[in-house]
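A.B. asks: Be aware that the sequence shown starts at 7, since it is given in the numbering used here, and climbs by one per residue. Virtual Cβ for every residue (Gly too), placed ideally from N, Cα, C. Let me give you the structure first, and then I'll get to my questions.
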Amino acid sequence: MAEGTARMFVALVPPAAARAHLAAAVEAATAALPHRAIDGLRWTPAEQWHLTLAFLAAVPARRTEDLLRRLERAAARRAPLELALAGGGCFPRPSAARVLWAGLEPGEAVTGLGRLATGVRAAAERAGAAPDHGRFRAHLTLARRTVPADLTGWVDALAGYRGPSWRAGAVELVRSELGRGAGGRPRHVVVGSFPLTG
Numbered sequence: 007m008a009e010g011t012a013r014m015f016v017a018l019v020p021p022a023a024a025r026a027h028l029a030a031a032v033e034a035a036t037a038a039l040p041h042r043a044i045d046g047l048r049w050t051p052a053e054q055w056h057l058t059l060a061f062l063a064a065v066p067a068r069r070t071e072d073l074l075r076r077l078e079r080a081a082a083r084r085a086p087l088e089l090a091l092a093g094g095g096c097f098p099r100p101s102a103a104r105v106l107w108a109g110l111e112p113g114e115a116v117t118g119l120g121r122l123a124t125g126v127r128a129a130a131e132r133a134g135a136a137p138d139h140g141r142f143r144a145h146l147t148l149a150r151r152t153v154p155a156d157l158t159g160w161v162d163a164l165a166g167y168r169g170p171s172w173r174a175g176a177v178e179l180v181r182s183e184l185g186r187g188a189g190g191r192p193r194h195v196v197v198g199s200f201p202l203t204g
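Right under this line is the structure:
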């Protein structure tokens with residue numbers, strides 16, 4: 007990462023109750039699945055679970071204030087969303103997975119989430135904080151693997167999961183400090199929170 011830049015992302019953070027409900031489902035699946043389905047997974051701590059709207063790999067320090075202003079405006083254009091975590095999947099595919107994730111209950115709110123992500127990415131672009139240009143896919147990362155593995159059992163175990171509904175009322179800009187958290191994990195620092203008031 008270049009000098010004077012920060013690794014950041016813009017996200018929705020599910021409330022503690024929604025995260026606890028999902029954590030209980032993951033724990034139950036962990037107990038039921040064979041060890042080979044669990045070995046090699048690096049779990050994201052539940053307190054860091056979030057839905058990424060935009061990943062900003064290297065935000066120049068001089069662009070941060072403009073980014074904050076533009077994200078505030080982008081969020082103000084969108085109404086709060088009623089969401090529910092549901093199901094699961096893998097990237098790039100279940101048979102050779104590197105990322106295990108939980109999804110969202112399909113519906114109009116997920117479409118609205120896609121529009122919010124588009125607005126947030128455009129705001130970041132205009133602020134000079136180039137976002138990733140990958141296709142937006144609403145998901146919450148549960149675990150990662152260094153070496154791809156077949157995680158089909160996990161997808162099957164999460165297929166029937168549906169968590170409680172929750173109201174997403176704000177987006178957060180978060181700085182991710184690699185290796186600065188517990189156990190060498192990233193430390194997440196909220197830089198700004200922007201209410202959805204549209």
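For residue 118, report the span of its alpha helix (DSSP H) as first-last.
C.D. replies: Taking the sequence shown and counting its residues from 1, the one referred to as residue 118 is at position 112. Element bounds for residue 118: 114-132.
A.B. asks: Measuring straight from C-alpha to C-alpha, what distance separates residue 76 and residue 86?
C.D. replies: As a working mapping, residue 76 is identified with position 70 in the sequence shown. As a working mapping, residue 86 is identified with position 80 in the sequence shown. About 18 Å.
A.B. asks: For the 8 Å Cβ check, are there 3 or more pairs between the segment 147-167 and the segment 62-72?
C.D. replies: The segment 147-167 is not in contact with the segment 62-72.
A.B. asks: Could you tell me if residue 17 is buried or exposed, where buried requires 16 or more neighbouring beta carbons within 10 angstroms of its beta carbon?
C.D. replies: Along the sequence shown, read from residue 1 onward, the residue named residue 17 stands at position 11. Residue 17 is buried by the Cβ-count criterion.
A.B. asks: Taking 6 Å as the limit between beta carbons, can you name the residues of its chain near residue 284, skipping five residues before and five after?
C.D. replies: Lying outside 7 to 204, the shown extent of the chain, residue 284 is not represented and no answer is given.
A.B. asks: Among residues of its own chain, excluding the 5 on either side of residue 186, which ones have a beta-carbon nearer than 6 Å to its beta-carbon?
C.D. replies: For this step, residue 186 is matched to residue 180 along the sequence shown. Hits under 6 Å: 193.
A.B. asks: Suppose contacts are defined by Cβ-Cβ distances below 8 Å. Is residue 59 in contact with residue 105 by that definition?
C.D. replies: For the purposes of this step, residue 59 is taken as the residue at position 53 of the sequence shown. For the purposes of this step, residue 105 is taken as the residue at position 99 of the sequence shown. Taking 8 Å as the Cβ cut-off, residue 59 and residue 105 do not qualify as a contacting pair.
A.B. asks: Just tell me which of 95, 99, 159 and 80 has its CA closest to the CA of residue 124.
C.D. replies: Reading the sequence shown from its first residue, position 118 is the one you call residue 124. Looking at the Cα atoms, 80 is the closest of the given residues.
A.B. asks: Output the residue ranges of the alpha helix (DSSP H) runs that lie fully inside the segment 39-82 and measure 4 residues or longer, sorted by chain position.
C.D. replies: The qualifying runs are 70-82.
A.B. asks: Taking all protein chains shown into account, do 16 or more other C-beta atoms lie within 10 angstroms of the C-beta of residue 170, making it buried, or fewer, making it exposed?
C.D. replies: Translated into the one-based positions of the sequence shown, residue 170 becomes position 164. Its Cβ having fewer than 16 others within 10 Å, residue 170 is exposed.
A.B. asks: Out of 122, 26, 143 and 91, which one is the CA nearest neighbour of residue 53?
C.D. replies: If you number the sequence shown from 1, residue 53 lands on position 47. Per the Cα distances, 26.
A.B. asks: Let's see if you can read the secondary structure: which residues bound the alpha helix (DSSP H) around residue 159?
C.D. replies: Translated into positions along the sequence shown, residue 159 becomes position 153. 158-164 is the extent of the alpha helix (DSSP H) around residue 159.
A.B. asks: With residue 201 and residue 176 assumed to form a contact (beta carbons below 8 Å), what rounded beta-carbon distance in angstroms separates them?
C.D. replies: To locate residue 201, count along the sequence shown from 1; it is residue 195. To locate residue 176, count along the sequence shown from 1; it is residue 170. With a Cβ gap of about 5 Å, residue 201 and residue 176 count as contacting.
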